[in-house]
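All residue numbers for the sequence shown refer to the working numbering, where the first residue is 11 and numbers rise by one.
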Amino acid sequence: MYSAKMPDGFLWGGAVAAHQLEGAWDVDGKGMSVADVMTVGSATQPREITDGVIAGKNYPNHSAIDFYHHYEEDIKLMAEMGFKAFRTSIAWTRIFPNGDDEQPNEAGLKFYDDLFATCHQYGIEPVITLSHFEIPFNLVKKYRGFTNRKLIDFFVRFATVCFERYRDSVKYWMTFNEIDNQSSYNNDFLMATNSGVILDKLTDQEKEAAMYQAAHYELVASALAVKIGHKINPDFQIGCMINYSPVRPLTPSSDDVLLADKYEQRRAWFSDVHVFGEYPNEVEAYITRNGYRPDITDEDRVVLKEGTVDYVGFSYYQSTTVSAEKVNPDQLNDLEKAVAVNPTLERSDWGWEIDPEGLRISLNHLTDRYHKPLFIVENGLGAYDKVEADGSIHDDYRVDYMKQHISEMEKAVEIDGVDLMGYLPWGPIDLVSAGTGQMDKRYGFIYVDKNDAGEGNLMRSRKDSFDWYKKVIQTNGLDL
Ligand code: BG6
Numbered sequence: 011m012y013s014a015k016m017p018d019g020f021l022w023g024g025a026v027a028a029h030q031l032e033g034a035w036d037v038d039g040k041g042m043s044v045a046d047v048m049t050v051g052s053a054t055q056p057r058e059i060t061d062g063v064i065a066g067k068n069y070p071n072h073s074a075i076d077f078y079h080h081y082e083e084d085i086k087l088m089a090e091m092g093f094k095a096f097r098t099s100i101a102w103t104r105i106f107p108n109g110d111d112e113q114p115n116e117a118g119l120k121f122y123d124d125l126f127a128t129c130h131q132y133g134i135e136p137v138i139t140l141s142h143f144e145i146p147f148n149l150v151k152k153y154r155g156f157t158n159r160k161l162i163d164f165f166v167r168f169a170t171v172c173f174e175r176y177r178d179s180v181k182y183w184m185t186f187n188e189i190d191n192q193s194s195y196n197n198d199f200l201m202a203t204n205s206g207v208i209l210d211k212l213t214d215q216e217k218e219a220a221m222y223q224a225a226h227y228e229l230v231a232s233a234l235a236v237k238i239g240h241k242i243n244p245d246f247q248i249g250c251m252i253n254y255s256p257v258r259p260l261t262p263s264s265d266d267v268l269l270a271d272k273y274e275q276r277r278a279w280f281s282d283v284h285v286f287g288e289y290p291n292e293v294e295a296y297i298t299r300n301g302y303r304p305d306i307t308d309e310d311r312v313v314l315k316e317g318t319v320d321y322v323g324f325s326y327y328q329s330t331t332v333s334a335e336k337v338n339p340d341q342l343n344d345l346e347k348a349v350a351v352n353p354t355l356e357r358s359d360w361g362w363e364i365d366p367e368g369l370r371i372s373l374n375h376l377t378d379r380y381h382k383p384l385f386i387v388e389n390g391l392g393a394y395d396k397v398e399a400d401g402s403i404h405d406d407y408r409v410d411y412m413k414q415h416i417s418e419m420e421k422a423v424e425i426d427g428v429d430l431m432g433y434l435p436w437g438p439i440d441l442v443s444a445g446t447g448q449m450d451k452r453y454g455f456i457y458v459d460k461n462d463a464g465e466g467n468l469m470r471s472r473k474d475s476f477d478w479y480k481k482v483i484q485t486n487g488l489d490l
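As structure tokens, then:
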């Protein structure tokens with residue numbers, strides 16, 4: 011298997027999000043977020059988004075793995091693996107419980123002071139996402155989330171408070187997690203988590219229109235935050251964060267190739283705006299043709315130009331294959347309709363295609379497109395783990411998956427010359443799945459004793475992958 015040493019200072023580590031591990035959902039003044047009204051689902055059963063918290067339903071994010079009270083022990087375990095960086099998010103509702111509050115909540119700010127100090131004690135660099143699927147529920151209800159221009163101000167106030175408070179303890183930031191997920195505007199979960207928009211009762215066209223307007227306000231909010239952040243601390247590195255999936259045509263036919271290009275254009279524009287500060291022609295034409303995003307001002311266009319990002323952070327889980335037998339390239343709107351099964355790839359228990367070469371392809375595409383440093387801030391395999399009688403967990407499937415992906419990443423850096431800041435695989439410690447709300451869909455090197463029904467004693471233990479990843483970091487990627 012190909013391997014190579016990564017450059018000095020390469021940020022090996024792992025990534026999580028506040029709502030998926032902290033728990034303590036209503037502790038120390040925290041308000042309710044959109045993640046707090048999502049029930050547990052499964053591989054086949056989508057999570058329900060309820061209108062507030064309903065007694066008797068199982069909301070897994072309320073207690074999660076109680077990182078809020080276990081973070082010292084958990085960061086210590088990550089330090090034992092040799093982590094150089096730890097990505098998490100700041101729960102917006104710990105700082106502004108309702109989102110539209112005038113003053114921040116001091117207890118929430120203090121929690122992150124302590125968390126970041128613990129990271130630094132072990133030489134671990136925090137990498138912080140400002141909005142990771144946890145918009146205050148009050149903003150969803152009262153303003154219809156990011157379809158309302160007022161959300162720009164609320165987000166910018168939140169970002170500014172964070173930048174000022176953590177000016178000297180955080181250097182790496184990202185604004186909106188996987189902002190491009192909402193290109194699947196028909197998916198209620200993705201619209202709620204990205205933009206705080208609950209879509210029921212809208213027609214397909216209204217949904218698409220809502221997405222383009224909401225995403226525009228988010229992009230403006232992000233640009234303003236980048237601009238303000240750089241003023242507060244010129245050393246800040248502020249990136250965007252997208253869910254990148256290279257698109258493969260199912261066959262070499264022109265229709266399939268064109269469809270693959272169209273599909274890419276309908277997703278990549280989010281990061282185009284983040285990086286170039288302007289909308290690409292294809293999307294501008296599509297929006298104009300359909301009468302979407304009616305509210306864009308000249309001032310917005312200036313802001314977008316002034317707040318471009320320093321790097322491109324992205325998650326990579328799988329590639330996408332499309333077929334023009336499913337949809338005509340000129341009639342592509344609902345992206346999910348274009349997707350075909352790639353017959354050459356294996357799938358996880360949740361149906362996610364496993365495509366390590368797709369990671370190298372992604373790194374090349376993004377480098378060629380943006381000429382910016384890249385940062386892999388999520389990658390990994392969600393799998394069922396079996397605890398043996400002696401407590402050990404032999405997760406060789408996870409090690410295999412990661413070996414192959416890291417090997418492709420190392421080819422991209424060493425052979426293709428990609429400028430890569432680091433590798434932060436998803437969920438180094440088991441946590442609540444965003445998509446299904448399950449605990450049993452596990453990504454961790456560290457096992458947490460808790461299952462989908464919420465049972466377990468929360469004990470942490472090391473899986474076999476723990477020692478393997480420790481060795482990878484120790485050898486800076488040479489020994490896979
Ligand atoms: C990404 C998200 O989409 O994928 C994470 O940024 C999420 O929040 C991760 O957890 C894995 O998805 P899932 O559904 O397996 O948790």
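Idealized CB from N, CA, C, for every residue including glycine.
Not one heavy atom of the ligand BG6 falls within 7 Å of the beta-carbon of S281. Excluding five sequence positions before and after L140, the CB atoms of its chain that fall closer than 6 Å to its own CB belong to A169, T185, given in chain order. If you check the C-beta of E388 against the ligand BG6, you find a heavy atom less than 7 Å away. In the DSSP annotation of this structure, the continuous segment of the beta strand (DSSP E) that includes M251 starts and ends at 247-253. Nearest neighbour of H240 by Cα position, chosen from E294, G317, N374, M11, turns out to be G317.
Note on geometry: alpha-carbon atoms of A224 and G368 lie some 30 Å from one another.
Residue range 147-153 is occupied by the alpha helix (DSSP H) that includes F147.
Residue environment analysis places H381 among the exposed positions, since fewer than 16 neighbouring C-beta atoms fall within 10 angstroms of its C-beta.
Annotation for P17: no beta strand (DSSP E) segment contains it, and DSSP assigns it neither H nor E. Segment contact: the segment 390-397 against the segment 28-37, fewer than three CB-CB distances shorter than 8 Å; contact not assigned. Under the DSSP assignment, V283 falls in the alpha helix (DSSP H) whose first and last residues are 264-286. Sequence-distant Cβ neighbours of M91 in its own chain, meaning closer than 6 Å and more than five residues away, are Y479, K480. D110 sits close to N148, with the two beta carbons spaced by under 8 Å.
A residue is called buried when at least 16 other Cβ atoms come within 10 angstroms of its Cβ; P244 does not meet this threshold and is exposed.
Cβ-Cβ distances below 7 Å link E218 to Y195, Y302, N343 in the same chain, with the five nearest sequence neighbours on each side left out; the list follows chain order.
When C-alpha distances from V137 are compared across N108, C172, V166, the shortest belongs to C172. When secondary structure is reduced to three states using DSSP, G24 falls in the strand class. Proximity of the segment 284-299 to the segment 254-261 falls short of the contact definition, fewer than three beta-carbon pairs being nearer than 8 Å. Pairing Q448 with R470, the inter-Cα distance amounts to about 17 Å.
If you check the C-beta of W35 against the ligand BG6, you find no heavy atom less than 7 Å away. According to the DSSP assignment, P366 belongs to the alpha helix (DSSP H) that extends over 366-380. One thing to note: W360 has its Cβ no nearer than 8 Å to the Cβ of Y327.
In the assembly as shown, R357 is an exposed residue. Its beta-carbon has fewer than 16 other beta-carbons within 10 Å. Residue range 135-141 is occupied by the beta strand (DSSP E) that includes E135. Only residues of its own chain outside the window of five on either side were considered, and among them P107, N115, A117, G118 have a CB closer than 7 Å to the CB of G39, listed in chain order.
By the C-beta density criterion, Y12 is exposed, having fewer than 16 other C-beta atoms within 10 angstroms. Using a C-beta cut-off of 8 Å, the segment 425-434 makes no contact with the segment 58-69, since fewer than three inter-stretch Cβ pairs fall below that distance.
Within the same chain, G51, S52, A53, R57 come within 7 Å of T446 by CB-CB distance, once the 5 residues on both sides are set aside. Cβ-Cβ distances below 8 Å link M251 to T139, M184, T185, F186, N187, E188, I189, G323, F324, S325, V387 in the same chain, with the five nearest sequence neighbours on each side left out; the list follows chain order. Boundaries for S417: no beta strand (DSSP E) harbours it, while the alpha helix (DSSP H) harbouring it runs 406-424, taken from the DSSP string. Burial state of G401 is exposed, judged by a 10 Å Cβ sphere holding fewer than 16 other Cβ atoms.
Distance from the C-beta of T446 to the nearest heavy atom of the ligand BG6 is below 7 Å. Fewer than three pairs of CB atoms, one per stretch, sit closer than 8 Å, so the segment 205-220 makes no contact with the segment 399-416.
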